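Undergrad: Read in order, the letters of the first sequence are residues 3 to 361 in the working numbering.
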Amino acid sequence: MKDSFLFSSLIINWSTKNDRLLPWKQTNDPYKIWLSEIILQQTRIDQGTPYYLKFITEFPTVNDLAKADEDEVLKLWQGLGYYSRARNLHFTAKYIANELNGVFPTNHKDILKLKGIGDYTAAAIASFAYGLPHAVVDGNVYRVLSRVFGIETPIDSTQGKKEFSQLASELLDYKRPAANNQAIMDFGALQCTPKSPDCENCPLKDFCIAFNTKKIDQLPVKQKKLIKKNRYFHYLVINIDESVFLNKRNTKDIWQGLYDFPLIEHSSLLSTEELKDHPEWKAYFEGTNIEITSISKPFKQTLSHQYIHAVFYEIMIKKTSNNSILTHNKVRRAAIDQFAFPKIITWFLSDKTLYLGFK
DNA sequence: AACGCGGGGTT
DNA sequence: AACCCAGCGTT
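(1) Would you be able to state if there are at least three C-beta pairs under 8 Å between the segment 219 to 226 and the segment 279 to 297?
(2) On a Cα-Cα basis, can you pick out the residue from 86, 351, 124 that is closest to residue 183?
(3) Would you identify the three-state DSSP class for residue 399, choosing helix, strand or coil?
(4) Tell me, to the nearest whole angstrom, how far the beta carbon of residue 10 is from that of residue 175; I am working on the premise that it is less than 8 Å.
(5) With three or more C-beta pairs closer than 8 Å as the rule, is the segment 59 to 72 touching the segment 20 to 30?
(6) How about residue 241 and residue 317: are their beta carbons less than 8 Å apart?
(7) With respect to the beta strand (DSSP E) encompassing residue 233, which residues constitute its N-terminal and C-terminal limits?
(8) Rounded to a whole number of angstroms, what is the C-alpha to C-alpha distance between residue 344 and residue 266?
(9) Could you give the first and the last residue of the continuous beta strand (DSSP E) run that contains residue 202?
(10) Can you tell me the Cα-Cα spacing of residue 352 and residue 338, whole angstroms?
(11) Excluding sequence positions up to five away, which residues of its chain have a Cβ less than 7 Å from the Cβ of residue 54?
(12) Give the range of the alpha helix (DSSP H) segment to which residue 154 is assigned.
(13) My guess is that residue 239 and residue 314 are in contact by the Cβ rule of under 8 Å, so how many angstroms apart are they, rounded?
(14) Closest to residue 246 by C-alpha separation, out of 234, 262, 281, would be which residue?
(15) Could you tell me the distance, in whole angstroms, from the CA atom of residue 94 to the CA atom of residue 114?
(16) Does the segment 253 to 262 come into contact with the segment 272 to 285, if we say contact requires no fewer than three beta-carbon pairs (one atom in each stretch) closer than 8 Å?
(17) Can you grab the Cα-Cα spacing for the pair residue 359 / residue 336, in whole Å?
(18) What residues match up with residue 261 in a beta bridge as DSSP calls it?
(19) Hey, how far is the Cα of residue 87 from the Cα of residue 118?
(20) Quick one: complete alpha helix (DSSP H) runs, 4+ long, within the segment 107 to 184?
(21) Going along the chain, which residues of its own chain have a beta-carbon closer than 7 Å to the beta-carbon of residue 85, five neighbours each way excluded?
(22) Write down the C-beta distance between residue 133 and residue 191 rounded to the nearest angstrom, noting that I regard them as a contact closer than 8 Å.
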């Protein structure tokens, strides 16, 4: 079965009967294909599709995207996660517009140099936009190849990456790389699924080593296991007149580029009395006449690598002689919809809208 | 080579 | 709760 022609023929034949109609399949525009691939990195089709449609409506060309503010791009990206994708997308749009005269690179080597584009995305754009013979290796491909060929090398090892991308290249039908790449990903997503794949109705049943040795549920092999850490956020929702103070996250941490509120982080959840005794609280409110008007329920958000626990203290400033909080962005409450927030902030805000008419 | 980076669906 | 999704950049 180490017959590349047979493998790609079977996969492509399968795909002609199991086509997924997706918006970015209808175009050869490298900008749209690039945009779709960035959105779909580590993201399910169903989750990414509405964002793709929003983006091509708002920014029909790379020049439109380049002209936008980063805040505007992040706002449109809000809720999709992995926000460095949006920042790199915008950076690269400006680069293409300003340095490349708005023309997307047309060869694999130059595509791969762009920020936010790695091996997978470069191969995807090269094949889908220009018909160039570069094999994609994404999560679907790792799964399909490891099973069909019984490869137990961990897919998240350097050796594994090398081995699988070499095999994918050998298997690629060089006469129809786009169809071949599309087919193997669709096959992984619909037929050779992570859990309970439909092996009985699989065209590769007779060849698949994992199926014939009953190792389907053991492949692919991954070596990493990551531990989640707990973090405790005490958010200060500081209101003064019709405004509230926002914080733009610029440090090297989660949610870079998004907005939240002034934050006191501690290694455990603090009681109100403990929080009032915290040096950062004192720095904020020393010499200031304030009132805590409400304390939210605890919110919990699960990230890929940490748990965020957040409590929101709503504080009204009556009179201040302290200007340290003024280093944050003072924003009219009616205008906060324009800022991009992480999920845990939007949960808090929608709760407030629901119960207190806060807007 | 190892780690950090979101959010959500499925099992 | 664990796993995984059209991965990439940094250290």
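For glycine and all other residues, C-beta sits at the position ideal for the given N, C-alpha and C.
Everything numeric in this text was worked out from a predicted model, so none of it was measured.
TA: According to the structure data:
(1) Flag = no, the segment 279 to 297 and the segment 219 to 226 do not touch.
(2) Ranking 86, 351, 124 by CA distance to the CA of residue 183 puts 124 first.
(3) Here the chain covers residues 3 to 361 and nothing more, so residue 399 does not appear.
(4) With 8 Å as the limit, residue 10 and residue 175 qualify as a contact, their Cβ atoms being about 4 Å apart.
(5) With a cut-off of 8 Å, the segment 59 to 72 and the segment 20 to 30 do not count as touching, because too few Cβ pairs lie within range.
(6) Yes.
(7) That run of the beta strand (DSSP E) goes 231 to 242.
(8) Rounded to whole angstroms, residue 344 and residue 266 show a C-alpha spacing of 17 Å.
(9) It is not in any beta strand (DSSP E) - residue 202 carries neither H nor E in the DSSP assignment.
(10) Rounded to whole angstroms, residue 352 to residue 338 spans 12 Å at the Cα level.
(11) Only 25, 26, 37, 38, 41 meet the Cβ criterion.
(12) Boundaries for residue 154: no alpha helix (DSSP H) harbours it, and the DSSP string shows neither H nor E there.
(13) That belief holds up - the Cβ atoms of residue 239 and residue 314 are roughly 5 Å apart, short of 8 Å.
(14) Of the listed residues, the one whose Cα sits closest to residue 246 is 262.
(15) C-alpha separation (whole angstroms): 12 Å.
(16) No contact exists between the segment 253 to 262 and the segment 272 to 285.
(17) With a pLDDT of only 43 at residue 359, under the threshold of 50, the placement of this residue in the model should not be trusted; the figure read from the coordinates follows. The alpha-carbon separation between residue 359 and residue 336 amounts to approximately 12 Å.
(18) Partner(s): 250.
(19) Roughly 6 Å separates the two Cα atoms.
(20) The segment 107 to 184 is shown to contain whole alpha helix (DSSP H) runs of 4 or more residues at 110 to 115, 121 to 132, 141 to 150, 160 to 173, in chain order.
(21) Only 76, 79, 257, 258, 259, 260 meet the Cβ criterion.
(22) That pair is no contact at about 22 Å.
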